[in-house]
Amino acid sequence: MDRSTVVRRVVRWYDQEARDLPWRHRDATPWMIMVSEFMLQQTPVERVRGPWASWVERWPTPTALADAPAGEAVRAWGRLGYPRRALRLHQAATAIRDHHDGQVPRGIDDLLALPGVGSYTAAAIASFAFRQRHLVLDTNVRRVLSRVAQGRAHPDPTPTRAERDLAVEFLPTRPERAARWAVASMELGALVCTARSPRCEACPVTSACVWYAEGRPAWDGPPRRGQGYDGTDRQCRGALLAVLRSSDEPVTDADLEAAWPEASQRDRCLASLVADGLVVPAGDALWSLPR
DNA sequence: CAGCCGTGGAG
DNA sequence: TCTCCAAGGCT
Numbered sequence: 001m002d003r004s005t006v007v008r009r010v011v012r013w014y015d016q017e018a019r020d021l022p023w024r025h026r027d028a029t030p031w032m033i034m035v036s037e038f039m040l041q042q043t044p045v046e047r048v049r050g051p052w053a054s055w056v057e058r059w060p061t062p063t064a065l066a067d068a069p070a071g072e073a074v075r076a077w078g079r080l081g082y083p084r085r086a087l088r089l090h091q092a093a094t095a096i097r098d099h100h101d102g103q104v105p106r107g108i109d110d111l112l113a114l115p116g117v118g119s120y121t122a123a124a125i126a127s128f129a130f131r132q133r134h135l136v137l138d139t140n141v142r143r144v145l146s147r148v149a150q151g152r153a154h155p156d157p158t159p160t161r162a163e164r165d166l167a168v169e170f171l172p173t174r175p176e177r178a179a180r181w182a183v184a185s186m187e188l189g190a191l192v193c194t195a196r197s198p199r200c201e202a203c204p205v206t207s208a209c210v211w212y213a214e215g216r217p218a219w220d221g222p223p224r225r226g227q228g229y230d231g232t233d234r235q236c237r238g239a240l241l242a243v244l245r246s247s248d249e250p251v252t253d254a255d256l257e258a259a260w261p262e263a264s265q266r267d268r269c270l271a272s273l274v275a276d277g278l279v280v281p282a283g284d285a286l287w288s289l290p291r
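Read left to right, the first sequence gives residues 1 to 291 (full-length UniProt numbering).
Below you can see the structure in the form of structure tokens.
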């Protein structure tokens, strides 16, 4: 089975099985799509729905967000995780307001220059919002291709040149078709060709899948790095920032001590939050979200 | 560039 | 319970 057949089958599958996600609606603006892409970085779809709806209602344009205090963006981020994304989204909105006439830029290089926009997110915005032809290589697409074309259960930790070359072979020539393939292959990875328990019986391309043909061999590459969380600085930062988010006024050192008793780690994490711009000093032993 | 950066749900 | 991992980006 050739690549164009794989593309055709996956796109047809998508037309029937795609989830109804608000940022995919016809009236979704590039900004709404951009917000969804920031929130979806390392965060599951079902957890993004609610915050996304609130966010785009409150800040329907990049300028609306840019005109708000950065701390409000951090507060509205809630418990989505990786709150630096909220800050970068605010910074990106500011850049769009100041340098792009308030409109999300169409050019891939302009997109890449925005804070928090890397190769994946730039390609995703250009593809989903502006229907351009780009390689949208997220973890889902990488897994689909590693199985279908390489017979491997998982892709390597970071994309290689060879992997990109392979992915380009699947990318249709016509931009609209390429955009459909991008979203469809991502959806297949999210719903069927999943990391944990793939549903091969529901897959439209098992007959083209090397991994399936070889009996779904287990991952034999380098051990996948676990993350760990308890007691880490990430947990500490999260606990401190949660205190900040829950208060409309500056919080005290005592408030932070209550949230994380261990002093040296608390101090280190508070300093890192300040360095990141997520927290700012607000007077003697007082701390607040940024203005 | 390997390590870091949150959080919560599923198996 | 514990492990895995979810539309990455940055340094």
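Where a beta carbon is used, it is the ideal one built from N, C-alpha and C, also for glycine.
A quick note: this is a predicted structure, and the numbers were derived from the prediction, not measured.
Residue burial classification, residue i (beta-carbon count within 10 angstroms, cutoff 16)
i: Ala271; result: exposed
i: Thr173; result: exposed
i: Arg131; result: exposed
i: Trp52; result: buried
i: Tyr229; result: exposed
i: Glu37; result: buried
i: Trp219; result: exposed
i: Asp165; result: exposed
Cβ shell of residue i (< 7 Å), same chain only, five flanking positions each side left out
i: Cys236; result: Trp260, Gln265, Arg266, Cys269
i: Thr206; result: Cys200, Tyr212
i: Val168; result: Leu135
i: Ala68; result: Trp59
i: Leu111; result: Pro105, Val117, Ala122, Ile125, Ala126
i: Glu176; result: Arg131
i: Ser54; result: Ala76
Whole-angstrom distance between residue j and residue i, CA atom to CA atom
i: Phe170; j: Arg143; result: 14 Å
i: Arg104; j: Thr63; result: It should be pointed out that residue 104 corresponds to Val in this sequence rather than to Arg. Val104 and Thr63: Cα-Cα distance of roughly 10 Å.
i: Glu262; j: Ser246; result: 21 Å
i: Asp27; j: Ala18; result: 17 Å
i: Ser185; j: Ser4; result: 13 Å
i: Ser119; j: Val56; result: 24 Å
i: Ala239; j: Leu114; result: 29 Å
i: Glu257; j: Gln150; result: 51 Å
i: Leu244; j: Ala93; result: 23 Å
i: Leu137; j: Ala254; result: 45 Å
i: Pro44; j: Pro83; result: 15 Å
Cutoff 6 Å; reference residue i; Cβ partners in own chain excluding five residues on either side
i: Arg152; result: Ser146
i: Val192; result: Arg199, Ala202, Cys203
Close-in-space but distant-in-sequence residues of the same chain around residue i (CB under 8 Å, 5 per side omitted)
i: Arg216; result: Ala153, Pro198, Cys200
i: Val141; result: Ala167, Ala182, Ser185, Met186, Gly189
Local conformation of residue i per DSSP, three classes
i: Leu256; result: helix
i: Pro22; result: helix
i: Ser247; result: coil
i: Val210; result: helix
i: Glu286; result: Reading off the sequence, residue 286 comes out as Leu, not Glu. It is a strand residue.
i: Val35; result: helix
Exercise. Return the chain-ordered ranges of every alpha helix (DSSP H) run that is complete within the UniProt domain "HhH-GPD" (39-191) and spans a minimum of 4 residues.
Key: 45-58, 62-66, 70-77, 84-99, 108-112, 119-128, 139-148, 161-170, 175-191
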